[in-house]
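Before any comments, here is the structure.
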Amino acid sequence: MTRIYRSTEATETSTAARIEQGGPSAGRGITWVGRAESYYGLPLIKKAHWGWQIILYFFLGGIAGGSFLVATLADLLKLDDNHNLIRAGRYLSFVCILASPILLILDLGRPERFHHMLRVLKLRSAMSLGSWGLSFFGMCCGVTTAYQAAHDGLLDWFPLLVRLMKAVPVKAVEALGAIGGLFVASYTGVLLSSTAVPVWARARHILGPLFLTSGVSTALASLSFILSLGRNNQRTLEKMERAEMVAMSTELGMLAALPRVLGPLRKPLFTGRAGALFGVGTIGSGVVLPLLVHLGYKLVRRSIPRGLNVGLDLLVLIGGLILRYTWIVAGRTSADDPKAVHYYNEIEWNGRHH
Amino acid sequence: MTHGFFTDTTLCIGCKACEIACKQWNQLPADGYKLSSFSYDNTLALSSTTWRHVAFVERSRSTDGTGKAVNWLMMSDVCKHCTHAGCMEACPTGAIVRNEFGDVYVQPDICNGCGYCVPSCPFGVIGRNHDTGLAAKCTLCYDRQKDGIEPACAKACPTDSIFFGELGELHEKAKQRVKTLHERGETGAYLYGVDEDTSVGDLNAFFLLTDRPSVYNLPEKPQLPQEHIVPGFVASLIAAIFLTLATAISLGGRRK
């Protein structure tokens, strides 16, 4: 039975009106109608403290996962003519993943207790899953990098390790590590969206895929940047250009879906200083501009000049960093806004029950 | 046996004895002498060093447009010790546990201050302390409960607005109280956090309120954040498969 309660009979649109289904002694079924009120406009939920360490980690974790994936694909499918892409991918993912735990530990309130992260495995905690995923991926990176270093003669001072590494079934490690890399590049988005912060939580279907796609596109950009500095990589660079265009188009599609998915909750992401930075730095010069330039050269069937390609790669990288920055900043603004929190709770509730 | 709080806001006189008793017993530092300048509420919110907070809803007229004069609303807020606690599920170290009294408890020797519990609480309760680097919130006076005595805030409350006890008994008492209030004409009285149908579930620390929850800065239909883990990873998995295939095909290209 549904009754509509009103604090007075006089006003139809009273903010105190509510629909009740379980009797006044229970919370069950009390659905408040009308606009939620506010307590002096004070925040209802608390924002995350995360700052530059986490922003940089999100960025580097994406590059690590993406470049490991690219190196793995190039190796397993024999797509690399002169091995330069595989070599660069392995070393790059290792460098990025080496910096990650340092950044994460710096961010802790009690850095000396970092190992408590591996005390338990909790399937319902994105951060617990991420800690294990990062450890696993880090080990795979370590092995493939040592394997590469052994073949490059960098470990000649340690013959036993060279013999050991040359015996490693590297393709199996790569295949497993690529899954780990894809996980590391995407879980950070799931981590943000499984909080009570409205703009993150509402973007739950997009945030993981978006961070992953940006991870792949920034990885391709940094690898293309590195290979541009060397010689005889023209063919590889042309193939990578295609891969970059696919990744950036995917990213653009997700970014375009955001305003519709978020509705009014998009405000902190698309307005103000953070919004301007997001629009210009990520969407504009980080995705749309490089995509258009690449498309233009494809259309006239000419290969892109090396200098221009390097410049575009840098723009993509900067755009990827700004992407992580704006999502963190937008999360702070969104958490501080009690109206956004009430609106979010309301639409989620209505979405589930009506 | 699960224990909890029943906070009856119709009995609260806003004396803040609970805030002080909590700070004293739990040896929490003072938060400075800042005045909010817009309310008798100078505490403003729960934090890592404030585990009870008395909210003051200072309205002289009813909001329903009738111009009827109303009493101020006061409410002693506290950690809700949810049935499905967002902070506890988020905690990657297992520092946040449910203890033998059914309370959501942060083990200070395990917490490493990652801060993930903070945005994961749909009520904005738990905070990270800058001095200790640890997450902290109401323990429901775990130490006092072990000795069989009630929490400091409930002990100090002069009007018994804060009532501590076994959850089943508390529910019965609270429902009786709502009935009494309805008979006396206070028809707006209802329980917040009892027989809830949200993903957060019932609250071991529940409240008797007389206005809608948002008036007290409480969420209406709070959501458990961890509901998003599965959809988030499924979406990521689809994206991962697509990107792997697309990248492989692009890198492969035309063979010569």
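Residue numbers (the working numbering), protein chains in the order written: chain A, 7 to 360; chain B, 345 to 600.
Beta carbons are placed, not taken as given, at the ideal position from N, Cα and C, and that holds for glycine.
### Query
When you check each C-beta in the segment 193 to 211 of chain A against every C-beta of chain B, which residues fall closer than 9 Å?
Of all residues in the segment 193 to 211 of chain A, only 193, 195, 196, 197, 198, 199, 200, 201, 202, 203, 206, 207, 210 and 211 place a beta-carbon less than 9 Å from a beta-carbon of chain B.
### Message
Can you pull out the residues from the segment 115 to 127 of chain A whose beta carbon lies closer than 7 Å to at least one beta carbon of chain B?
### Response
Only those residues of the segment 115 to 127 of chain A whose C-beta falls short of 7 Å from the nearest C-beta of chain B are listed: 115, 116, 119, 120, 122, 123, 125 and 126.
### Query
Unbroken beta strand (DSSP E) runs of length 3 or more, entirely within the segment 526 to 561 of chain B: which are they?
If we require 3 residues or more, the beta strand (DSSP E) runs fully inside the segment 526 to 561 of chain B come out as 534 to 536 and 549 to 553.
### Query
If you draw a straight line from the alpha carbon of residue 28(A) to that of residue 518(B), how long is it in whole angstroms?
For residue 28(A), the pLDDT reaches just 49, beneath the cut-off of 50, and the residue's location in the model is therefore unreliable, leaving the point undetermined.
### Query
For residue 179(A), which residues from the same chain have a beta carbon less than 7 Å from its beta carbon, with the 5 sequence-adjacent residues on both sides left out?
Non-local beta-carbon contacts of residue 179(A) in its own chain, meaning distances under 7 Å to residues more than five positions away in sequence, involve 146, 149 and 150 in chain order.
#### Entry: Inter-residue Cα distance where the pair is residue 218(A) and residue 349(A)
A direct Cα-to-Cα measurement between residue 218(A) and residue 349(A) gives close to 28 Å.
### Query
Short check: CB of residue 293(A) to CB of residue 230(A), under 9 Å?
If you check the CB distance, residue 293(A) and residue 230(A) do not come in under 9 Å.
### Query
For residue 461(B), which of helix, strand or coil comes out of DSSP?
In this structure, DSSP gives residue 461(B) a helical state, which the three-state scheme calls helix.
### Task
State the start and end residues of the unbroken beta strand (DSSP E) segment that holds residue 297(B).
Past the edges of chain B, shown from 345 to 600, lies residue 297(B), and the structure says nothing about it.
### Query
For residue 200(A), which residues from the same chain have a beta carbon less than 7 Å from its beta carbon, with the 5 sequence-adjacent residues on both sides left out?
Within the same chain, Cβ atoms closer than 7 Å to the Cβ of residue 200(A) are found at 132, the five residues on either side in sequence being excluded.
### Query
Apart from the five residues on each side of it in sequence, which residues of its chain come closer than 6 Å, Cβ to Cβ, to residue 167(A)?
Cβ neighbours of residue 167(A) beyond the five flanking positions: 161.
### Task
Show which residues of chain B have a CB atom less than 8 Å away from the CB atom of residue 49(A).
By Cβ distance, chain B contributes 389 and 468.
### Message
At a CB distance below 7 Å, what residues from the segment 124 to 157 of chain A approach chain B? Give them in sequence order.
### Response
Of all residues in the segment 124 to 157 of chain A, 125, 126, 128, 130, 131, 132, 133, 134 and 137 have a Cβ within less than 7 Å of some Cβ in chain B.
### Message
If you reduce the DSSP assignment to three classes, tell me which class residue 395(B) lands in.
### Response
The three-state reading of DSSP puts residue 395(B) in coil, since its state is none of H, G, I, E or B.
### Task
State the Cα-Cα distance for the pair residue 367(A) and residue 52(A), rounded to the nearest angstrom.
The shown model of chain A, from 7 to 360, leaves out residue 367(A), and the question about it has no answer.
### Message
Can you pull out the residues from the segment 548 to 560 of chain B whose beta carbon lies closer than 9 Å to at least one beta carbon of chain A?
### Response
Going along the segment 548 to 560 of chain B in chain order, one finds 550, 555, 556, 557, 558, 559 and 560 with a Cβ nearer than 9 Å to chain A.
### Query
Under the rule that 16 or more other beta-carbon atoms within 10 Å means buried, what is residue 84(A), buried or exposed?
An exposed status is given to residue 84(A), since fewer than 16 other beta-carbon atoms sit within 10 Å of its beta-carbon.
### Task
Express the C-alpha separation of residue 60(A) and residue 311(A) in angstroms, rounding to a whole number.
Taking the straight line from one Cα to the other gives about 35 Å.
### Message
Along the chain, where does the beta strand (DSSP E) containing residue 422(B) start, and where does it finish?
### Response
Residue 422(B): member of the beta strand (DSSP E) spanning 417 to 422, first to last residue.
### Task
Name, going along the chain, the residues of the segment 430 to 443 of chain B whose beta-carbon falls closer than 8 Å to a beta-carbon of chain A.
Correct list: 430, 433, 434, 435, 436, 437, 438 and 439.
### Query
Closest Cβ-Cβ distance between residue 181(A) and chain B: below 9 Å?
Any Cβ of chain B closer than 9 Å to the Cβ of residue 181(A) would place that residue at the interface, and such an atom is absent.
### Query
In chain A, which residues lie less than 8 Å from residue 382(B) when you measure between Cβ atoms?
Neighbours of residue 382(B) on chain A, chain order: 46.
#### Entry: Within-9 Å CB hit, residue 363(B) to chain A
Not closer than 9 Å to any Cβ of chain A, the Cβ of residue 363(B) fails to qualify, so no.
### Query
At which residues does the beta strand (DSSP E) containing residue 449(B) begin and terminate?
Element bounds for residue 449(B): 448 to 450.
### Query
Which residues of chain A have a Cβ atom closer than 9 Å to the Cβ of residue 459(B), listed in chain order?
From the beta-carbon of residue 459(B), the residues of chain A found nearer than 9 Å are 54, 55, 56, 113, 114 and 115.
### Query
Is there at least one Cβ from chain A nearer than 9 Å to residue 534(B)'s Cβ?
Taking a beta-carbon distance threshold of 9 Å, residue 534(B) counts as an interface residue toward chain A.
### Task
Please name the residue or residues paired with residue 506(B) in a DSSP beta bridge.
Answer is 351(B).
### Query
Taking Cβ-Cβ distances shorter than 7 Å, what residues in chain A pair up with residue 573(B)?
Within 7 Å Cβ-Cβ: 130, 132, 196 and 200.
### Stretch-stretch touch, CB-based, cutoff 8 Å, three pairs: the segment 382 to 393 of chain B with the segment 461 to 478 of chain B
Between the segment 382 to 393 of chain B and the segment 461 to 478 of chain B there are three or more C-beta pairs closer than 8 Å, enough to call the two in contact.
### Message
For the pair the segment 430 to 441 of chain B and the segment 455 to 468 of chain B, tell me if three or more CB-CB distances fall below 8 Å.
### Response
These segments touch.
### Query
With residue 459(B) and residue 479(B) assumed to form a contact (beta carbons below 8 Å), what rounded beta-carbon distance in angstroms separates them?
Contact flag correct, Cβ pair sits at about 7 Å.
### Query
What in chain A is Cβ-close to residue 472(B), meaning under 7 Å?
By Cβ distance, chain A contributes 55 and 115.
### Query
Hey, how far is the Cα of residue 188(A) from the Cα of residue 213(A)?
Cα to Cα, the separation comes out at about 14 Å.
### Query
Quick one, which residues of the segment 332 to 354 of chain A are near chain B if we go by CB-CB under 9 Å, in chain order?
With the criterion set as a beta carbon lying under 9 Å from some beta carbon of chain B, the members of the segment 332 to 354 of chain A are 337, 341, 344, 347, 348, 350, 351, 352 and 354, in sequence order.
### Query
Thinking just about the alpha-carbon of each residue, which of 142(A), 135(A), 113(A) and 174(A) is nearest to the one in residue 154(A)?
Comparing Cα positions, the closest option is 174(A).
### Query
Which stretch, first to last residue, makes up the beta strand (DSSP E) that contains residue 294(A)?
Following the DSSP letters along the chain, one finds residue 294(A) in no beta strand (DSSP E), marked with neither H nor E.
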